[in-house]
Amino acid sequence: MAEPDWREQLYTLVAMIPPGTTTSYGALAQQISGASARSVARAMSQLPEGTRLPWHRVIRADGRLPDHPGRDEQAQRLRAEGVFIR
DNA sequence: AGTTTGACGGAGA
DNA sequence: TTCTCCGCCAAAC
């Protein structure tokens, strides 16, 4: 059944990302009907601080970290999971 | 209704 | 490798 909000699907997908792995905004968008890389990025920027979602596992399609104020913390968390970052 | 603004993506220089 | 340009799309003005 179709979710009323594609954001719900997004949160679900992000929550399913296995530790030590990463995915991109575009990859997520392709799995969600009605979403686009741009929309996903915007949705992620609006996540509350206390979220349980592993948001740090979502990076850019080119393997780089996204341009946002929390990229420092993101890099730290990813390294803690053994993820190699260019 | 038109413009600006992004945690983007891909192609071209 | 880094930068620019363009397409994309929802939200804020």
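In the working numbering, the protein residues as written are 212 to 297.
Every residue gets a Cβ at the ideal spot worked out from N, C-alpha and C, and that includes glycine.
In this text, all values refer to a predicted model and were calculated from it rather than measured experimentally.
Taking DSSP as the reference, what is the three-state secondary structure of residue i?
i             : result
threonine 223 : helix
valine 294    : coil
Would a C-beta distance cut-off of 7 Å place residue i and residue j closer than the cut-off?
i             : j            : result
alanine 254   : arginine 282 : no
alanine 252   : alanine 240  : no
alanine 272   : glycine 245  : no
glutamate 292 : proline 230  : yes
Assuming residue i and residue j are in contact, meaning their beta carbons sit under 8 Å apart, how far apart are those beta carbons, in whole angstroms?
i            : j              : result
arginine 268 : isoleucine 243 : Not quite, the Cβ-Cβ distance comes to about 16 Å (not below 8 Å), so this is no contact.
tyrosine 222 : leucine 289    : Actually they do not touch by this definition, with Cβ atoms about 20 Å apart.
With respect to the alpha helix (DSSP H) encompassing residue i, which residues constitute its N-terminal and C-terminal limits?
i           : result
glycine 237 : 236–242
serine 250  : 248–256
What is the rounded straight-line gap between the Cα of residue i and the Cα of residue j?
i             : j              : result
threonine 232 : arginine 275   : 14 Å
aspartate 278 : alanine 286    : 12 Å
glutamate 260 : isoleucine 296 : 23 Å
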